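First comes the structure, then the notes that go with it.
Numbering (mature numbering (1 follows the signal peptide of the UniProt record, and there is no 0)), first residue to last: -23 to -1, 1 to 173.
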């Protein structure tokens, strides 16, 4: 199955049998109707989640997630690859030749992520972190942490404010801890949730 993952984008020309799992939005808002034709809303009473059945794929199957203007919201479909010859170009995936290893997927723990997460109610914070890091969510297993401020920060800072301190005697991550920030706390919470 390891070699079939890249074939997901080609599956439309190789379908034999497929089934769909609806991921319709149950908490719909027309708030941004003029630009986005509405949005799915995640709040403390309900938060839609993706179907995590991709971990149950069998040899010869691919999983396809679709989001569309027509209303699909991460709708999941399993397609069985057809072993019969097709008249279209054939793509070969040589799983014996590997050029790089994929370590995982993730995002970044930026000041903007920290600020926005901690503006939410505590229960909604947990739901948001679950959506990214839990086995029922996107299953992020890595994330980068900027060293110092970025263009997503509300202030400029470094981990060592003293120039020419090559011994790093003034190095501190206090800017990423409460009361300045909740970034370290957010990282610890994600580590407790995430897949191992």
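In this text, a Cβ means the ideal position worked out from N, Cα and C, and glycines have one as well. Just so you know, these numbers come straight off a predicted model, no measurement behind them.
Taken in chain order, the complete beta strand (DSSP E) segments of 3 or more residues contained in the segment 30 to 111 are 38 to 43, 52 to 58 and 83 to 85. For residue 166, the three-state secondary structure derived from DSSP is helix. A residue is called buried once 16 or more other Cβ atoms fall within 10 Å of its Cβ, and residue 68, having fewer, is exposed. When DSSP reads this structure, residue 16 sits in a beta bridge with 6. For residue 144, the three-state secondary structure derived from DSSP is coil. The Cβ atoms of residue 113 and residue 107 lie closer than 9 Å to each other. Cα atoms of residue 155 and residue 161: separation of roughly 8 Å, rounded to the nearest angstrom. Within the DSSP secondary-structure output, residue 121 pairs in a beta bridge with 85.
In this structure, the CA atom of residue 148 is about 5 Å from the CA atom of residue 137.
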